[in-house]
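Asker: Each residue of the sequence shown is one higher than the one before, starting from 774 at the first, in this note's numbering. First the structure, which I've put down as structure tokens, then a few questions once you've had a look.
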Amino acid sequence: MIAIIADDFTGAAEIGGVGLKYGLNVVIETKFENNVSVDLWIIAADTRSLSAKEASKEIEKITTQLQVKNPKYIFKKLDSVLRGNIAIEIEAQLKAMGKSRAILIAGNPSFGRTIENGKYLVDNILLENTSFSEDPDFPLQSSNVLDIVKSTDISVYSIPVNSELPEKGIIIGDVKNQEEMEYWADQLDENTMVAGGAGFFDVLLSKNHHENISDCRGCLELGNKTLFIFGSKFPKDQNLPMGIKKEETVRLNMPDEIYGNRDFSPELILVWANQIVAELEGGKKVIVTIEQDYSNEDRLSARIRKNIAEMVKTVAETTELTDLLMEGGATTSEILRTLEIVKLFPTKLLYPGIIQLSTSKYPGLTITTKPGSYPWPDNVMLNLTDNEELEQT
774 MIAIIADDFT GAAEIGGVGL KYGLNVVIET KFENNVSVDL WIIAADTRSL SAKEASKEIE
834 KITTQLQVKN PKYIFKKLDS VLRGNIAIEI EAQLKAMGKS RAILIAGNPS FGRTIENGKY
894 LVDNILLENT SFSEDPDFPL QSSNVLDIVK STDISVYSIP VNSELPEKGI IIGDVKNQEE
954 MEYWADQLDE NTMVAGGAGF FDVLLSKNHH ENISDCRGCL ELGNKTLFIF GSKFPKDQNL
1014 PMGIKKEETV RLNMPDEIYG NRDFSPELIL VWANQIVAEL EGGKKVIVTI EQDYSNEDRL
1074 SARIRKNIAE MVKTVAETTE LTDLLMEGGA TTSEILRTLE IVKLFPTKLL YPGIIQLSTS
1134 KYPGLTITTK PGSYPWPDNV MLNLTDNEEL EQT
């Protein structure tokens, strides 16, 4: 058994999709449960949403729990562009595992995300010049990986391939192409902890497993009560995923009274949810968005996530959803927590990073997740060029 600790849910689901690609039996848990027997056991820890101190404690606890199950190794899934409590979480896992060094392979050349001479680039553009610099929770203002991943307790190195590796610390490897990903996979040993993105985990699995299914491009099938939650504030274009006709959809933005006022009446959530239920029961597939300008309210993102989750819970208690599609790991984690969903089973890989899952708590519901920074591919999306046609009147 291989164990994974992911710092957000969509990252956990992305790893689950990699497991499906190689025919593995996969489970994702939002908290550790001691009754799992699978090939790939993923804990979606949601530590990216925690403070550094909280994240450290949570990673140390989960790592200790997982080691009792004697996994082949414990992979630390982190954001591919290094957002989050990167060094703190690696340090906590190193401590719990009794290891002295970690190899961290971020990036994903197949998605145009590379690290060259210690500089992170997205489609050959320095990270600091991309929309990742505007991330509301982890704005990346430097492209230098040593500026992004800082530690006061352990040394951090930026290392190119074919270099001598230090015996201690966090080693961030350059990855300009797939061959360099393969190189780093060959540098691991029993004294080294492994961390990074889904692209690197894919390389690790390919060393000992054969790919026996293809991804399911274009096979998005939606039921008659479909709710899309676009909670991520990551900049988007005018394309939204559907696989359905434009006239079958309606878009409902979060009411301004909820977004702009932390002391709004709780009845507004009920009004919003009832509006969504009415559209669903009228045969529409509903897209929920948050398109207001970002404000400087303290912990606004956390409040908005909770508001969305309460709305989804109210909708789910009022009507029987067939499909719930969500983007953004923190938003997804908050919704799952509010719905009291602890265990999920990846069932279909629609596209790299876009995964469908089932859960016994809601047997008639299909859940689809996607990282907020990933695009919806053309073959599972509907082009919405005229937003006014989707506005609720």
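From the three backbone atoms N, C-alpha and C, an ideal C-beta is built for every residue, glycine too. Values in this document were obtained by computation on a predicted structure and should not be read as measured data.
List the residues that DSSP assigns as beta-bridge partners of Asp959.
Answerer: DSSP lists no partner for Asp959.
Asker: Around the Cβ of Tyr1067, are there at least 16 other Cβ atoms within 10 angstroms (buried) or fewer (exposed)?
Answerer: Tyr1067 comes out exposed.
Asker: Between the C-alpha atoms of Ala786 and Lys804, what's the straight-line distance to the nearest angstrom?
Answerer: C-alpha separation (whole angstroms): 14 Å.
Asker: I'd like the span of the alpha helix (DSSP H) that includes Tyr1032, first residue to last.
Answerer: Looking at the DSSP string, the run of the alpha helix (DSSP H) that includes Tyr1032 is 1029-1032.
Asker: Which residues in the same chain as Ile778 place their Cβ atom closer than 6 Å to its Cβ, once the five residues preceding and following it in sequence are excluded?
Answerer: Here the set comprises Ile816, Ala818, Ile835, Lys849.
Asker: Three or more C-beta pairs under 8 Å: does that hold for the segment 874-883 against the segment 935-949?
Answerer: Flag = yes, the segment 874-883 and the segment 935-949 touch.
Asker: Name the DSSP bridge partner or partners of Ser1131?
Answerer: Paired residue(s): Phe1118.
Asker: How many angstroms separate the CA atom of Phe1007 from the CA atom of Thr1142?
Answerer: Note that Phe1007 scores a pLDDT of 48, beneath 50, so its modelled location is shaky; the value from the coordinates is reported in the next line. Between Phe1007 and Thr1142, the C-alpha separation is close to 15 Å.
Asker: Would Val822 be called buried (16 or more neighbouring beta carbons within 10 Å of its own) or exposed?
Answerer: Residue identity differs from the one stated: residue 822 is Ser in this sequence, not Val. The residue is buried, with at least 16 neighbouring Cβ atoms inside 10 Å.
Asker: Assuming Ser904 and Ala879 form a contact by the criterion Cβ under 8 Å, report the distance between their Cβ atoms to the nearest whole angstrom.
Answerer: Rounded, the Cβ-Cβ distance is 17 Å, inconsistent with contact.
Asker: What are the uninterrupted segments assigned as alpha helix (DSSP H) that are 4 or more residues long and contained completely in the segment 1031-1113, given in chain order?
Answerer: Listed in chain order, they are 1040-1054, 1073-1091, 1102-1111.
Asker: What residues in its chain sit with their C-beta under 7 Å from that of Asp910, if we drop five residues either side in the sequence?
Answerer: Contacts found: Ser1074.
Asker: Only counting the same chain, and skipping five residues up and downstream in sequence, which positions put a Cβ closer than 6 Å to that of Val1044?
Answerer: Cβ neighbours of Val1044 beyond the five flanking positions: none.
Asker: Grab the span of the beta strand (DSSP E) containing Lys1143 for me, first residue to last.
Answerer: Unbroken beta strand (DSSP E) run through Lys1143: 1139-1143.
Asker: Please go through the same chain and pick out, in chain order, the residues whose beta-carbon is closer than 6 Å to the beta-carbon of Lys1009, but skip the five residues on each side of it.
Answerer: Below a pLDDT of 50, predicted positions are generally treated as unreliable, and Lys1009, at 48, falls in that range; the measurement from the model is reported next regardless. Cβ within range, chain order: n/a, list empty.
Asker: Within 10 angstroms of its Cβ, does Glu1083 collect 16 or more other Cβ (buried), or is it exposed?
Answerer: Buried: at least 16 other Cβ atoms inside 10 Å.
Asker: Which residues does DSSP pair with Met966 in a beta bridge?
Answerer: DSSP, once it has assigned bridges, lists Ala875 as partnering Met966.
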